[in-house]
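See below for the structure under consideration.
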Amino acid sequence: MSETEDQQKFVYDFTEGNKDLKDLLGGKGANLAEMTNLGLPVPPGFTITTEACKVYLDSGNEPPALRDEVSSHLEALERKMGKKLGQPDNPLLVSVRSGAKFSMPGMMDTVLNIGLSDESVGGLAAQAGDERFAWDSYRRLIQMFGKTVLGVDGDLFEEALEEAKRAKGVTVDVDLDAGDLQRLVEQFKGIVLKETGREFPQEPREQMDLAVRAVFDSWNGDRAKLYRRQERIPGDLGTAVNICSMVFGNLGPDSGTGVAFTRDPASGHQGVYGDYLQNAQGEDVVAGIRNTVPLADLERIDKASYDQLMQIMETLETHYKDLCDIEFTIERGQLWMLQTRVGKRTAGAAFRIATQLVDQGLIDEAEALQRVNGAQLAQLMFPRFEDDGARGGKGPEKIGRGIAASPGAAVGKAVFDSYTAVKWSRSGEKVILIRRETNPDDLNGMIAAEGILTSRGGKTSHAAVVARGMGKTCVCGAEELEVDTKRRRMTAPGDIVIEEGDVVSIDGSSGKVYLGEVPVVPSPVVEYFEGRMHAGAEDADELVKAVHRIMAYADRVRRLRVRANADNAEDAARARRFGAQGIGLCRTEHMFLGERRELVERLILADTDDEREEALGALLPLQKADFVELFESMDGLPVTVRLLDPPLHEFLPDITELSVRVALAESRKDPNENDLRLLQAVHKLHEQNPMLGLRGVRLGLVIPGLFAMQVRAIAEAAAQRRNAKGDPRAEIMIPLVGTVQELEIVRDEAEKVIAEVEAATGTELKLTLGTMIELPRAALTAGQIAEAAEFFSFGTNDLTQTVWGFSRDDVEASFFTAYLEKGIFGVSPFETIDRDGVGSLVRNAVEAGRATRPDLKLGVCGEHGGDPESVHFFHEVGLDYVSCSPFRIPVARLEAGRAAAESEGSDHR
């Protein structure tokens, strides 16, 4: 044992702590101490720190000093209460509750009525003047202790309780009398003996010590670990344990227990919100064992307690400057506060409450900005289904449930391939694309569809990642749905068959799948961002006004600019409406799809310089026209155009499909010369690992004229716009550079082409040239590369693949789920930037690049550019902008503002 540990204080009385000690006392202990300091009626008690829990979890033993510290605090509590733990004639009883730094409701353990025994139950009955209450408290202790501490199956106790009610002919436990409960106690003790091989412990201190260890152990319980993964809570924090003198809500009709909120956590509206249950204890309200009454009814039941509670709620909200969630008990007309915390709330409530508190003068705008986040804003932007409850149980049938991969509500006719999705969509039909899993070939169908449903995959699957980027509703991994793409049908449990053309509804916020059309509630927030709803209008939605105020402040304070990943004028125009300050990534390969694919095939098949020039010449005017539209839609704002990046084989037919076509033609003795040449080209271009093969800058160096054609198209489009009195601001980005020599060769060629266009058009273009940093070597030699680059844009998708040695399409389908479950990843590195690995390279490249070229413009165009947590990292390392899909621009704007306000030292918790 270290000297530090020996001197460490492991136990704090409620009078010793405060709300700022959450790391040490957990949220519950810190807030109990804070309420005690405020003079509110809190039952006396003490807290065992998270540090004690960490020692226990690391070593398997409690710190040696802990027992004496607990004894000292227990003795002080006994003196204060005038009775000893488990004292036979007048027992002190305590609760033992978990309480981590971050709220983890229901994830860890609680035991009430510690100290009761065969010897003291009579003393409790005599002191309370109520024998039934004493036996009810004892059976609750054995039930909770047996399940939580001794590991007995809780259903065994529930079954015995239900049998007792059946034998009595009653339906609720309050109708059982003292004799019934005494017999139940004996049954419960028998269950403990049978299941554990030991008697229920009668020594009060042993009960307490075992309960404390059980709370420590519950930190690593399956449900707690799952919750932490879901909420991204670190696994090494540990939990505190709160030992609090018991107060009883089950002493009769003048007693009870309840939960209260200082505002409506669903809407944010002010008022009296909560539930109350007479003659009940502890967990009965949240457990739903009996029907509660609205908190407002307490005014009629016990006006004095109600008035006191209203006053305390106002005190707490003013003190915490936020919505508070409160647990309380009334013991024979005496109100006691058992817990308070800053309450969880819906996304809409978060925005409303933040602006309300500003108007009340409780917080400033900088703090309001920290009370909301990008994930909440994204939630508000998706269309929503009407609640099942609002439909009164009527309407479409729920046929399955998968993983809620991309939020929103989508309704359409079931289609089972991309071709049909596009075809039907063009005919005006709304469709849901249903696949076992999607791949890049499904992109057109995914774009055409209202939503995507897959029977395989998870939150990091292709369908999920692409859908989130596009703002499409997506449900993945609905394994109970059997998808048969060949027969164009899906079978749900109960032999329900969904044929192509049947209407289905998918809820990307819950993962639910319905047969039929579920009514959709449109998102007013998207209408606002689209410019179809004005926050200043008299009839403007209250939520829209709140979002507008917070977004306006975020825009005022943020340093990071926000651009869009957009490849066409339509996406660019939408991005601009959503607040984009330019385009950070235009992927030119998307301009070669569809009817233009044939021209790319001709380029690949060209045997002579003349054939190659002819193919490039045919592509040039098409590329130029695309850029003219793009520059016009983003007039006055920067547009970063990435030269061709993917391997050429992606523009050729699938090798299997082509081989079959050629074989069939030959069997008919009718060979197709073009197909034969294509098949030869596919074989020639085939690579074992295309991601690391002939792509990016390597294409420009190996295929003469390819990059020059693209640069010419960009330059001529810019010249045309400038001559039309426009203000094009094109930036040419060379992808996949690994060494400065590659960049220098392509840059020299590009500058010659630009000079030719300037001379031919008599226009000064001011085009800038830079590179995409997406290889570890590029990041490590960024100082050298900056000599030839005017800007860097970090391609964090490929940088993550190359740093980790992952092929994203392969690893997400094979072992990512196992990595997440084992805690190797807290979150997928493709979803949120890996700060220690990829982030370290980004930071190094920023510092080295700016050391060489102080005015180097820096941005990011990977998927991380729209991820809230990643945006904060990019602010920290000093990037100039982030770029993301149009739908995620408002999220990036908000998070960029939060990052700036956070770094200036706002007082948020």
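Here this note's numbering is used: the first residue of the sequence shown is 104, the next is one more, and so on. Ideal Cβ positions, reconstructed from N, Cα and C, are used throughout, including at glycine.
**Asked** Is it buried or exposed for residue 854, if we count other Cβ within 10 angstroms and need 16 for buried?
**Response** Here residue 854 is exposed: its Cβ has fewer than 16 other Cβ atoms, across all protein chains shown, within 10 Å.
**Prompt:** Does the region 417-433 come close enough to the region 454-473 that 3 or more CB-CB pairs lie under 8 Å?
**Reply:** The answer is yes - the region 417-433 touches the region 454-473, with three or more Cβ pairs under 8 Å.
**Message:** Between the region 143-161 and the region 308-322, can you find at least three pairs of beta-carbon atoms closer than 8 Å?
**Reply:** Counting Cβ pairs under 8 Å, three or more are found: they touch.
**Item:** Ordered list of alpha helix (DSSP H) runs contained in the region 836-911, each at least 4 residues
**Value:** The alpha helix (DSSP H) runs lying completely inside the region 836-911 and spanning 4 residues or more are 843-864, 879-883, 885-888, 899-907, given in chain order.
**Prompt:** If you scan the region 459-521 from start to end, which runs of the alpha helix (DSSP H) of 4 or more residues do you find wholly inside it?
**Reply:** Whole alpha helix (DSSP H) segments, 4+ residues: 468-473, 477-484.
**Item:** residue 310 in three-state terms, based on DSSP
**Value:** The three-state reading of DSSP puts residue 310 in helix, counting H, G and I together.
**Asked** Which value, in whole angstroms, describes the spacing of the CA atoms of residue 369 and residue 596?
**Response** One C-alpha to the other measures close to 33 Å.
**Prompt:** Once you ignore the five residues that flank residue 626 on each side, which residues in its own chain have a CB closer than 8 Å to its CB?
**Reply:** Contacts found: 483, 484, 485, 486, 487.
**Prompt:** What are the start and end residues of each continuous alpha helix (DSSP H) run of 4 or more residues lying completely inside the region 712-787, in chain order?
**Reply:** The region 712-787 contains these whole alpha helix (DSSP H) runs: 712-736, 758-770.
**Asked** CA-CA distance, residue 1005 and residue 953?
**Response** Cα to Cα, residue 1005 sits roughly 25 Å from residue 953.
**Prompt:** So which of 646, 1000, 938 has the shortest CA-CA distance to residue 973?
**Reply:** With distances taken between Cα atoms, residue 973 lies closest to 938.
**Asked** Taking the DSSP output, what are the residues bridged to residue 608?
**Response** Beta-bridge pairing links residue 608 to 514, 617.
**Asked** Based on the DSSP secondary-structure assignment, which residues constitute the bridge partners of residue 380?
**Response** Bridge pairing for residue 380: 360 [DSSP].
**Request:** Sort 516, 634, 372, 545 by Cα distance to residue 593 and report the nearest one.
**Result:** Selected option, being the one with the closest Cα: 516.
**Message:** On the CB-based measure, 16 or more other CB atoms within 10 Å of its CB, does residue 174 come out buried or exposed?
**Reply:** With fewer than 16 other beta carbons inside 10 angstroms of its own, residue 174 counts as exposed.
**Item:** Delimiting residues of the alpha helix (DSSP H) encompassing residue 416
**Value:** Segment 406-423, the alpha helix (DSSP H) holding residue 416.
**Message:** Using the three-state DSSP reduction, which class does residue 563 fall into: helix, strand or coil?
**Reply:** Low local confidence applies: a pLDDT of 44 at residue 563 is under 50, so the model's placement there is unreliable, with the coordinate-based value given in what follows. Reduced to three states, the DSSP call for residue 563 is coil.
**Asked** Quick one: Cα of residue 976 to Cα of residue 162, how far?
**Response** When rounded, the distance between both Cα atoms is 35 Å.
**Item:** First and last residue of the uninterrupted alpha helix (DSSP H) at residue 125
**Value:** It spans 125-140 - the alpha helix (DSSP H) in which residue 125 sits, taken as one unbroken run.
**Prompt:** Straight-line CA distance for residue 120 to residue 155?
**Reply:** In this structure, the alpha-carbon of residue 120 lies about 16 Å from that of residue 155.
**Request:** State the DSSP-derived secondary structure class of residue 964, mapped to helix, strand or coil.
**Result:** Coil at residue 964, not helix or strand.
**Item:** residue 651 burial status per 10 Å Cβ neighbour count (16 or more: buried)
**Value:** Residue 651 is buried by the Cβ-count criterion.
**Prompt:** Which residue from 629, 446, 607 puts its Cα closest to that of residue 207?
**Reply:** Closest in alpha carbon position to residue 207, among 629, 446, 607, is 446.
**Request:** Could you say which of 810, 883, 843 lies nearest to residue 852 if we only look at CA atoms?
**Result:** Among 810, 883, 843, the Cα nearest to that of residue 852 belongs to 810.
**Request:** Pull up the distance between the alpha-carbon of residue 344 and that of residue 164, whole angstroms please.
**Result:** Going by the C-alpha atoms only, they are around 16 Å apart.
**Item:** Straight-line Cα distance separating residue 693 from residue 749
**Value:** Taking the straight line joining both Cα atoms gives about 10 Å.
**Request:** Measure the C-alpha to C-alpha separation of residue 405 and residue 416 and round it to an integer number of angstroms.
**Result:** Rounded to the nearest angstrom, the two C-alpha atoms are 16 Å apart.
**Request:** Tell me whether residue 219 sits in a helix, a strand or coil according to DSSP, three-state version.
**Result:** Residue state, collapsed to three classes: coil.
**Item:** Opposing strand residues paired with residue 115 [DSSP bridges]
**Value:** Answer is 150.
**Asked** Ends of the beta strand (DSSP E) at residue 686?
**Response** Per DSSP, the unbroken beta strand (DSSP E) holding residue 686 starts and ends at 686-690.
**Request:** Evaluate residue 697 with the Cβ neighbour count: other Cβ atoms within 10 Å of its Cβ, from every protein chain shown; 16 or more gives buried, anything less gives exposed.
**Result:** Residue 697 counts as exposed, since fewer than 16 other beta carbons sit within 10 angstroms of its beta carbon.
**Message:** So, for residue 233: in the same chain, excluding its five sequence neighbours on each side, which residues have a beta-carbon less than 8 Å away from its beta-carbon?
**Reply:** Non-local beta-carbon contacts of residue 233 in its own chain, meaning distances under 8 Å to residues more than five positions away in sequence, involve 354, 355 in chain order.
**Message:** Tell me the residue span of the beta strand (DSSP E) that contains residue 593.
**Reply:** From DSSP, the beta strand (DSSP E) with residue 593 extends over 592-595.
**Prompt:** If you draw a straight line from the C-alpha of residue 859 to the C-alpha of residue 713, how long is it?
**Reply:** C-alpha of residue 859 to C-alpha of residue 713: approximately 21 Å in a straight line.
**Message:** In whole angstroms, give me the CA-to-CA distance for residue 397 and residue 351.
**Reply:** If I take the Cα positions, the gap works out to 20 Å.
**Asked** Looking only at C-alpha atoms, which of 577, 547, 322 sits nearest to residue 555?
**Response** Among 577, 547, 322, the Cα nearest to that of residue 555 belongs to 577.
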